[in-house]
Amino acid sequence: MSDLLLAAWLAGIYARVSKDTRKGSGRARASVNQQVSEARDDISDLGTYEGRPILLKETYQRDNDVSASPFATKVREDWPRFVEDVENKRINFVVLWECSRGSREGVEWLTFLSLCRSLSVPIRVVTHGRTYDVRNPRDWKTLADEGIDAEVESAKTSIRVLRDKKDTRQSGRPDGPLCYGHKREYDPDTGELLRQVPEPVESRVVIEIFEEFVGGKPLTAIMRELNERIDLPLEDPRRVPRLRRGAKWSTEALRRTLKNPAHIGKRRDPHTGELLDTQWAPLSESLPVLYWAAQRIMKERATAVQSPGKAKHLLTRIMTCGVCGATLAQHRIKGRPRYHCSGIDAQGVATGRNGCVSVSQEHMDDYITNLVVHRLSQPDLLAQAAVQDDAVIVLAQAEAEALRAKLDEAYAGYKRDVLTLDQYAERKLDLMARIEAAEAAVRNLGIPPMLRAFTGLIGANNNTQAEALVREMWKGFPVAGRRDIIRALFSKLSLRAGVPGGQVFNPDRLERTWRKWSDALDE
484 MSDLLLAAWL
494 AGIYARVSKD
504 TRKGSGRARA
514 SVNQQVSEAR
524 DDISDLGTYE
534 GRPILLKETY
544 QRDNDVSASP
554 FATKVREDWP
564 RFVEDVENKR
574 INFVVLWECS
584 RGSREGVEWL
594 TFLSLCRSLS
604 VPIRVVTHGR
614 TYDVRNPRDW
624 KTLADEGIDA
634 EVESAKTSIR
644 VLRDKKDTRQ
654 SGRPDGPLCY
664 GHKREYDPDT
674 GELLRQVPEP
684 VESRVVIEIF
694 EEFVGGKPLT
704 AIMRELNERI
714 DLPLEDPRRV
724 PRLRRGAKWS
734 TEALRRTLKN
744 PAHIGKRRDP
754 HTGELLDTQW
764 APLSESLPVL
774 YWAAQRIMKE
784 RATAVQSPGK
794 AKHLLTRIMT
804 CGVCGATLAQ
814 HRIKGRPRYH
824 CSGIDAQGVA
834 TGRNGCVSVS
844 QEHMDDYITN
854 LVVHRLSQPD
864 LLAQAAVQDD
874 AVIVLAQAEA
884 EALRAKLDEA
894 YAGYKRDVLT
904 LDQYAERKLD
914 LMARIEAAEA
924 AVRNLGIPPM
934 LRAFTGLIGA
944 NNNTQAEALV
954 REMWKGFPVA
964 GRRDIIRALF
974 SKLSLRAGVP
984 GGQVFNPDRL
994 ERTWRKWSDA
1004 LDE
């Protein structure tokens, strides 16, 4: 190492900004870059310190759009590296634009000051126009007070933000990042937020996503089709706008869209999970029913052992073993595909048995298909669809969701020792009974939206014509969609044990229970 480097101060500039208001634009990171530029000029103007030249060794400027307060949720990347380089004497002259760039957490800041004091590292604060020697008690106190004041200010800001957010939630005003499908209108003179309304093109895409998902299309297929339409001309009505910041659709983005209650004019309380009313309306009148149908489908699929997007067989994990209660899986026995007792129940738990029942896949698929087609062709389905009140269904589903949120809150209270085990058990017993009643009401109030596509085929056509049309429509559904329809139509499909050695398909082995939406069921 040259004599100049041995004699010089090796400076490190640390820059940070809590919120990058230009993020996503051509001027992103402007504040951080400006801090570094001013710090460079300051070092150049200063030239030396205590007779030794100051050489810039490194800049640390990756902590953009990340807070340094005790309430921060993002992890800083460069701060730990910066502190480690000071500790390992790779830099021995600290340069900060202002003290709060380093830390707004008192303990962390005082620890850093102690490190610099133990290694005799000066701290240059650009906005102060001064270099502090933290071995000097007065300099130490000045910087320590700056750190404490920064933490106090952060705490005040946090309280103010939480209060404002609570007020915003209670009043139902728009808050936080704008989600896909919506736009916000502002007063042209004052800039005040007036309202949140549907964005015409994006909202159409959101509604399409719900319709296709509830109709049985797998997320991967929806994603692929949306991305294929992203680059269509602006005037093409099939064009799909990109997500925020130019991203393409992914299955995770689709799940977030399907779970977002903002699309039905609601927001979820971050503490209780309860759905709150807002000042904006649903993207369409039909969307609330589709939204709750999508929640039910996602919930059912989340507990399924087999991924629905990869489902290849009509009844695997839906039909159960009448002997041990396990789900049936597809196996080839002597080269022929059969539904076979898997020994695993719907929750993925082993039943202790295996292979209790078995049936020809081809014969069972044909039998179930005929039952479904016949059921979807019955006039009572049309009558029920004509009289059902979607608003009542939505309210019943909302009540069930609110009760589940209360159950989650009770469990959280038990985990925090706010509730005793007995108190939690008592509350759970009461809430579960109310949840089951609310969900039963949802099931019984009306036909699931995924089945309504078939109701238009009934009425003008006679039974024979309707059944032929339904069968043709059924063929057009993907396997995942057919499975969802089967789940919606049947509350139970269970296969009894057959006669040992019997090879003839016997439909009487199937124990089935239809879900009822009206008193008249024509099987």
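Using the working numbering, the first residue of the sequence shown is number 484, and each one after it goes up by one. Virtual Cβ for every residue (Gly too), placed ideally from N, Cα, C. If you're wondering where the values come from, they're calculated on a predicted model, not measured in any experiment.
(message) Can you tell me where the alpha helix (DSSP H) holding TYR850 begins and where it ends?
(response) Locating residue 850 in the sequence shown gives position 367, where the first residue counts as 1. Start and end: 844-859.
(message) With DSSP as the reference, identify every bridge partner of ALA494, one or two as the case may be.
(response) Here residue 494 is taken as the residue at index 11 of the sequence shown, counted from 1. Partner(s): LEU539, PHE576.
(request) Please work out which residues of its chain come closer than 6 Å, Cβ to Cβ, to THR803, disregarding the five sequence neighbours upstream and downstream, and give them in chain order. (result) To locate residue 803, count along the sequence shown from 1; it is residue 320. Around THR803: THR810, SER977.
(request) Kindly indicate which three-state DSSP category PRO553 falls into: helix, strand or coil? (result) Sequence index remark: in the sequence shown, residue 553 carries index 70 (1-based). Because the pLDDT of PRO553 is 47, which lies under 50, any placement of that residue in the model is unreliable, and the number read from its coordinates should be weighed accordingly. Coil at PRO553, not helix or strand.
(request) Using a threshold of 9 Å, state whether the C-beta atoms of GLY666 and GLU691 are closer than that. (result) In the sequence shown, the residue the question calls residue 666 occupies position 183. In the sequence shown, the residue the question calls residue 691 occupies position 208. In the sequence as presented, Gly is not what sits at residue 666; that position holds Lys. By the CB criterion at 9 Å, LYS666 and GLU691 fall outside the cutoff.
(message) Determine, for MET915, whether the minimum Cβ-Cβ distance to residues of chain D falls below 9 Å.
(response) In the structure shown, chain D cannot be found, because there is only a single protein chain.
(request) Have a look at TYR850 and THR703 and give me their C-alpha separation to the nearest angstrom. (result) Here residue 850 refers to the residue found at position 367 of the sequence shown. Here residue 703 refers to the residue found at position 220 of the sequence shown. Roughly 29 Å separates the two Cα atoms.
(request) Assign PRO701 to one of two classes, buried (16 or more other C-beta atoms within 10 Å of its C-beta) or exposed (fewer than that). (result) Numbered from its first residue, the sequence shown carries residue 701 at position 218. The residue in question, PRO701, is buried, as its Cβ has 16 or more Cβ neighbours within 10 Å.
(request) Give the DSSP-derived three-state secondary structure of GLU634 in the structure shown. (result) In the sequence shown, counting from the first residue as 1, residue 634 sits at position 151. Helix at GLU634.
(message) For ARG970, tell me which candidate among ARG607, LEU890, THR852, ARG727 has the shortest Cα-Cα distance.
(response) Locating residue 970 in the sequence shown gives position 487, where the first residue counts as 1. Looking at the Cα atoms, THR852 is the closest of the given residues.
(message) Comparing C-alpha positions only, which one of ARG564, ASP863, ALA833 sits nearest to LYS999?
(response) Counted from its first residue, the sequence shown places residue 999 at position 516. Taking only the C-alpha atoms, the option nearest LYS999 is ASP863.
(message) Just to confirm the assignment, what range does the beta strand (DSSP E) spanning PHE973 have?
(response) As a first step, residue 973 must be located in the sequence shown, where it is residue number 490. 973-978 is the extent of the beta strand (DSSP E) around PHE973.
(request) Note down the Cα distance separating ALA883 from ILE918, rounded to an integer number of angstroms. (result) As a first step, residue 883 must be located in the sequence shown, where it is residue number 400. As a first step, residue 918 must be located in the sequence shown, where it is residue number 435. The straight-line gap from Cα to Cα measures roughly 5 Å.
(message) Since LEU709 and VAL962 should fall inside the 8 Å C-beta cutoff, what is the C-beta to C-beta distance between them, to a whole number of angstroms?
(response) Reading the sequence shown from its first residue, position 226 is the one you call residue 709. Reading the sequence shown from its first residue, position 479 is the one you call residue 962. With 8 Å as the limit, LEU709 and VAL962 do not qualify as a contact, their Cβ atoms being about 21 Å apart.
(request) Pull up the distance between the alpha-carbon of GLN762 and that of VAL840, whole angstroms please. (result) Taking the sequence shown and counting its residues from 1, the one referred to as residue 762 is at position 279. Taking the sequence shown and counting its residues from 1, the one referred to as residue 840 is at position 357. Whole-angstrom Cα-Cα distance: 55 Å.
(request) Could you tell me the boundaries of the alpha helix (DSSP H) in which GLU591 lies? (result) Your numbering for residue 591 matches position 108 in the sequence shown. 589-601 is the span of the alpha helix (DSSP H), which, as asked, contains GLU591.
(message) Taking only three categories from DSSP, how would you classify GLU994?
(response) Residue 994 sits at position 511 when you count from the first residue of the sequence shown. DSSP, reduced to helix, strand and coil, places GLU994 within a strand of the structure shown.
(request) Measure the C-alpha to C-alpha separation of SER601 and SER514 and round it to an integer number of angstroms. (result) As a position in the sequence shown, residue 601 is number 118, starting the count at 1. As a position in the sequence shown, residue 514 is number 31, starting the count at 1. The straight-line gap from Cα to Cα measures roughly 32 Å.
(request) Go through the stretch 673-739 residue by residue and report every complete run of the beta strand (DSSP E) that reaches 3 residues or more, in order. (result) Runs of the beta strand (DSSP E) inside the stretch 673-739: 676-681.
(request) Could you check what DSSP says for TYR822 in three-state terms: helix, strand or coil? (result) Start at 1 with the first residue of the sequence shown, and residue 822 comes out as number 339. Of the three classes helix, strand and coil, the one that applies to TYR822 here is strand, per DSSP.
(message) Using the three-state DSSP reduction, which class does HIS746 fall into: helix, strand or coil?
(response) Taking the sequence shown and counting its residues from 1, one reaches residue 746 at position 263. Per DSSP, reduced to three states, the secondary structure at HIS746 is helical.
(message) Is the beta carbon of GLY664 closer than 9 Å to that of GLU685?
(response) Counted from its first residue, the sequence shown places residue 685 at position 202. Counted from its first residue, the sequence shown places residue 664 at position 181. Result yes, Cβ atoms of GLU685 and GLY664 sit closer than 9 Å.
(request) Just the C-alpha distance for SER527 and VAL558, rounded to the nearest angstrom, thanks. (result) Taking the first residue of the sequence shown as 1, we reach residue 527 at position 44. Taking the first residue of the sequence shown as 1, we reach residue 558 at position 75. So the two alpha carbons sit approximately 32 Å from each other.
(request) Compute the distance between the beta-carbons of ARG499 and ASP546, then report whether it is under 9 Å. (result) As a position in the sequence shown, residue 499 is number 16, starting the count at 1. As a position in the sequence shown, residue 546 is number 63, starting the count at 1. Yes, Cβ-Cβ distance for ARG499 and ASP546 is below 9 Å.
(message) Give me, in chain order, the residues of the same chain whose beta-carbon lies closer than 7 Å to that of ARG995; leave out the 5 immediate sequence neighbours on both sides.
(response) As a position in the sequence shown, residue 995 is number 512, starting the count at 1. Within the same chain, ARG995 has close Cβ partners PHE973, LYS975, LEU976.
(request) Give every residue of the same chain whose Cβ lies closer than 7 Å to the Cβ of GLU922, excluding the five residues on either side of it in the sequence, and list them in chain order. (result) Residue 922 sits at position 439 when you count from the first residue of the sequence shown. So the list reads ALA883, once near-sequence residues are dropped.
(request) Can you grab the Cα-Cα spacing for the pair PHE960 / LEU770, in whole Å? (result) Translated into positions along the sequence shown, residue 960 becomes position 477. Translated into positions along the sequence shown, residue 770 becomes position 287. One C-alpha to the other measures close to 21 Å.
(message) Whole angstroms are fine: how far does the CA of VAL578 sit from the CA of ASP525?
(response) In the sequence shown, counting from the first residue as 1, residue 525 sits at position 42. In the sequence shown, counting from the first residue as 1, residue 578 sits at position 95. C-alpha separation (whole angstroms): 9 Å.
(request) Please work out which residues of its chain come closer than 6 Å, Cβ to Cβ, to ASP848, disregarding the five sequence neighbours upstream and downstream, and give them in chain order. (result) Translated into positions along the sequence shown, residue 848 becomes position 365. These residues qualify, in order along the chain: LEU797.
(message) For TYR669, count the other beta carbons within 10 Å of its own beta carbon; 16 or more makes it buried, fewer makes it exposed. Which is it?
(response) Walking along the sequence shown from the start, residue 669 turns up at place 186. Flag for TYR669 reads exposed.
(message) Per the DSSP calculation, VAL500 is bridged to which residue(s)?
(response) The residue labelled residue 500 in the question sits at position 17 within the sequence shown. DSSP, once it has assigned bridges, lists ASN547 as partnering VAL500.
(message) Nearest by alpha-carbon distance to ASP760: which of LYS749, VAL832, GLU533, LEU715 is it?
(response) In the sequence shown, residue 760 corresponds to position 277, counting from 1. Considering only alpha carbons, the answer is LYS749.
(message) Among the candidates LEU529, ILE574, ASN516, whose CA atom is the shortest distance from the CA of ALA494?
(response) On the sequence shown, position 11 is the one that residue 494 refers to. The option with the nearest alpha carbon to ALA494 is ILE574.
(message) DSSP three-state label for LEU902, please.
(response) Along the sequence shown, one-based indexing puts residue 902 at 419. Of the three classes helix, strand and coil, the one that applies to LEU902 here is coil, per DSSP.
(request) For ILE801, count neighbouring C-beta atoms within 10 Å of its own C-beta (all shown protein chains included) and say buried if the count is 16 or more, exposed if not. (result) Within the sequence shown, residue 801 is the residue found at index 318, counting from 1. Under this definition ILE801 is a buried residue.
(request) Measure the alpha-carbon distance for ASP616 versus SER520 and round it to whole angstroms. (result) Indexing the sequence shown from 1 puts residue 616 at position 133. Indexing the sequence shown from 1 puts residue 520 at position 37. Spanning the two alpha carbons is a distance of roughly 23 Å.
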